[in-house]
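Heads up, the sequence shown is in my numbering, so the first residue is 3 and it goes up one at a time. Don't be surprised by glycine CBs; every beta carbon is placed ideally from N, CA and C. Notes for the one structure printed next.
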Amino acid sequence: MTRARRLPGFLAALAFCAAGPSHAATPAATAAPDAAATTAYPAACPATLRYTFDRLQDEKPQSLCQYSGKVLLVVNTASFCGFTPQYKGLEALHAKYKDRGLVVLGFPSNDFAQESASNKEIADFCENTFGVQFPMFTKTAVRGADAHPFFRQLAQATGTAPKWNFYKYLVGRDGRIVESYSSMTSPDSRDLVRDVEKLLAAKN
């Protein structure tokens, strides 16, 4: 299947994302607010990571506790956005630093009305178009009243909820939420890379 058939109107949608819609769309799916409270997690797992999400490729539940001790870059993504090409840079960043302990985590979201594809379509698009190998999860609400508790926590710690697609949050090995970065911050940004390297070099 060609790229055009996988996601029709992709190039036109890029221009739309740059301008931005007049309002955010209602998320297609929202995680239960008390999901973390009803699941048993290892005592050593930081409270920050005590959440379970469905993996994008097969919708099987995955605990974020498996990334305890890693440096995490959490990103809300979308397929029909002017920032969508950042997938390539995010994968490059993940590949470069994964052996040192970095994991990029992608969370597709339709909160800005630019992720209308199904979970399977998103998975195929990311892999076939950008070669994405870093962990990704099913569509998630990332802002507003319906935001998943994980993203509410990220927003509270940094003082900023995602303002657009491809907003980024950096989490240290100890689960401490360190910094947030705007959609305009590219994955190869000097500041972002510097912060990642600093956390990778730090001890728990």
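Strand pairing of residue i, partner residues [DSSP]
i	result
residue 179	173
residue 64	55
residue 138	108
residue 73	104
residue 41	According to DSSP, residue 41 bridges with nothing at all.
residue 167	Its beta-bridge partners do not exist; DSSP assigns none.
residue 50	According to DSSP, which records beta bridges pairwise, residue 50 is partnered with nothing at all.
Length of the line joining the Cα atoms of residue i and residue j
i	j	result
residue 86	residue 186	11 Å
residue 69	residue 51	8 Å
residue 189	residue 160	19 Å
residue 58	residue 125	6 Å
residue 127	residue 120	10 Å
residue 137	residue 108	6 Å
residue 84	residue 95	19 Å
residue 178	residue 73	10 Å
residue 44	residue 164	29 Å
residue 112	residue 101	31 Å
Close-in-space but distant-in-sequence residues of the same chain around residue i (CB under 6 Å, 5 per side omitted)
i	result
residue 149	143
Integer-rounded CB distance, given that residue j should sit under 8 Å from residue i
i	j	result
residue 141	residue 110	5 Å
residue 103	residue 202	6 Å
Three-state secondary structure assigned by DSSP to residue i
i	result
residue 108	strand
residue 152	helix
residue 160	helix
residue 130	helix
Neighbourhood of residue i by C-beta distance below 7 Å, restricted to the same chain and skipping five residues each side
i	result
residue 195	none
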